[in-house]
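For the sequence shown, full-length UniProt numbering assigns the number 1 to the initial residue and increments by one for each residue that follows. The beta-carbon is built from N, C-alpha and C at its ideal position, and this holds for glycine as well. A short write-up of the structure that comes next.
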Amino acid sequence: MRTATLEMPPAPRFEADASDGVLVRQVAEGSHDALAALYDRYTRPAFALARRITGDQVFAEEVVQEVFLALWRDPAKYDPERGGFPSWLLAATHHKAVDAVRREQTVRKRRATLAEEAAFYVSAPATDIPPVEDAAWAGLRGERVRKALGALPAPQREALVLAYYAGYTQSEIAARTDTPLGTVKTRMLAGMRRLRDLLDEVSDTEGVRR
Numbered sequence: 001m002r003t004a005t006l007e008m009p010p011a012p013r014f015e016a017d018a019s020d021g022v023l024v025r026q027v028a029e030g031s032h033d034a035l036a037a038l039y040d041r042y043t044r045p046a047f048a049l050a051r052r053i054t055g056d057q058v059f060a061e062e063v064v065q066e067v068f069l070a071l072w073r074d075p076a077k078y079d080p081e082r083g084g085f086p087s088w089l090l091a092a093t094h095h096k097a098v099d100a101v102r103r104e105q106t107v108r109k110r111r112a113t114l115a116e117e118a119a120f121y122v123s124a125p126a127t128d129i130p131p132v133e134d135a136a137w138a139g140l141r142g143e144r145v146r147k148a149l150g151a152l153p154a155p156q157r158e159a160l161v162l163a164y165y166a167g168y169t170q171s172e173i174a175a176r177t178d179t180p181l182g183t184v185k186t187r188m189l190a191g192m193r194r195l196r197d198l199l200d201e202v203s204d205t206e207g208v209r210r
């Protein structure tokens, strides 16, 4: 007696020359090949648009990668009833490129402020600093602070300025300075303690003069 065998239907063959709509549907089904086909088909105009907006090749490449990654994660973002895929893709590229420019401008403004501002003020408490150090920092203002900061080792001064003046978190400081997070925390704690000691010395000196 022959045993019946169940024959599986052949898997649908991927066609690189399929329409955009078909490729997007295949992307929704998890086809990397379909995504690669769309990338090959539209990466050049998308990059040209991103390059024109950002004015930077690296930023433009990152923008294009983000656009196609967003398509891979959520293909339903493209609605064929609202227009063709090329128009949608270029609109998405334009939006992400503008966002990238705005983020970079914000970073540059922060850096310029750090370089140009002589004053160093703190208006909000730092959540990562122990309470004793936070309390010590609350009363620091003006010229005495600038002089005390100048006496700190450069790594400690950089960490404190980025945290309290530019508003970066400790994790962001670690990433921007390419420094381990533990090292950043140690520098900030040591810097705060040294800063407090320096300010106490200045206060004592001024008290003697009076």
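Where Thr-54 is concerned, the enclosing alpha helix (DSSP H) starts and stops at 32–54. When the Cα atoms are used, Tyr-39 and Phe-68 turn out to be separated by approximately 7 Å. In the displayed model, Gly-84 falls within coil according to three-state DSSP, outside both helix and strand.
Here Pro-80 is near Gly-21, since their CB atoms are less than 7 Å apart. In this structure, DSSP gives Glu-29 a state outside helix and strand, which the three-state scheme calls coil.
Around the Cβ of Ala-76, a 10 Å sphere holds fewer than 16 other Cβ atoms; the residue is exposed. In this structure, Val-64 places its C-beta atom within 7 Å of the C-beta atom of Phe-47.
By the Cβ-count criterion, Leu-181 is exposed, with fewer than 16 other Cβ atoms from all chains shown falling within 10 Å of its own Cβ. In this structure, DSSP gives Pro-155 a helical state, which the three-state scheme calls helix.
Each residue's CA atom was taken as its position, placing Leu-149 and Ala-163 some 13 Å apart.
In the DSSP assignment, Thr-169 falls outside any alpha helix (DSSP H), carrying neither H nor E.
Contact annotation: Thr-43 and Ala-100 have beta-carbon atoms that are not nearer than 7 Å.
Inter-residue distance for Arg-194 and Gln-57 is about 43 Å (C-alpha atoms, whole angstroms). In this structure, the CA atom of Gln-26 is about 12 Å from the CA atom of Leu-71.
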